[in-house]
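These notes are about the structure you will find just below.
In the numbering used here, the protein residues as written are 7 to 143.
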């Protein structure tokens with residue numbers, strides 16, 4: 007009819023729009039750098055107090071064999087979930103760890119609070135200590 011409905015794309019028309027339809031929106035929350043630093047410091051402190059942080063001089067597997075990295079980790083800890091934090095790792099070490107669901111290799115620059123909380127024991131390679139100290143300062 008001749009009623010005043012406005013646009014042909016109005017919800018009342020066939021082929022028109024959807025009233026209050028979904029909108030693209032990101033629900034991601036941002037956390038400030040200070041809060042991230044405090045959280046990392048707090049989690050590392052709690053892990054140290056719990057006695058689940060282990061420090062080693064070096065952590066490399068030259069063979070690339072999963073069996074060898076399992077042996078290396080089990081010499082340090084028997085935890086169900088282990089994260090190894092180092093400055094960097096060789097391709098052979100990454101290849102050896104790739105098949106393990108209960109272990110993770112992570113660089114000191116990229117390790118985050120969520121990973122530290124999820125993975126039980128933390129093995130920190132000495133070369134990563136300086137980077138972690140800078141990130142928590």
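Note that CB positions come from ideal geometry on N, CA and C, so glycine has one too. Only a predicted model underlies this, so the values are computations on that prediction, with no experimental measurement involved.
Grouping DSSP H, G and I as helix and E and B as strand, with all else coil, what is residue 109? Residue 109: strand per DSSP, three-state reduction.
Any 3 or more C-beta pairs closer than 8 Å across the stretch 95-108 and the stretch 134-143: The answer is no - the stretch 134-143 does not touch the stretch 95-108, with fewer than three Cβ pairs under 8 Å.
When the Cβ atoms of the stretch 46-53 are set against those of the stretch 105-123, are three or more pairs found closer than 8 Å? Flag = yes, the stretch 46-53 and the stretch 105-123 touch.
For a quick check, are the C-beta atoms of residue 106 and residue 90 less than 8 Å apart? Cβ atoms of residue 106 and residue 90: not closer than 8 Å.
State buried or exposed for residue 127, treating a residue as buried only when at least 16 other CB atoms are found within 10 Å of its CB. Result: buried.
Check residue 130 in the structure and name its three-state DSSP category. DSSP places residue 130 in strand when its eight states are reduced to three.
Just grab the DSSP bridge partners of residue 89 for me. 110 and 128, per the DSSP bridge assignment.
Pick from 108, 64 and 118: whose alpha carbon is nearest that of residue 44? Ranking 108, 64 and 118 by Cα distance to residue 44 puts 118 first.
Helix, strand or coil at residue 62 [DSSP, three-state]: In the structure shown, residue 62 sits in a strand (DSSP, three-state: E or B).
What's the C-alpha gap between residue 87 and residue 76? Answer to the nearest angstrom: the Cα atoms are 12 Å apart.
Does the separation of the CB atoms of residue 79 and residue 109 fall below 8 Å? Yes. Within cutoff.
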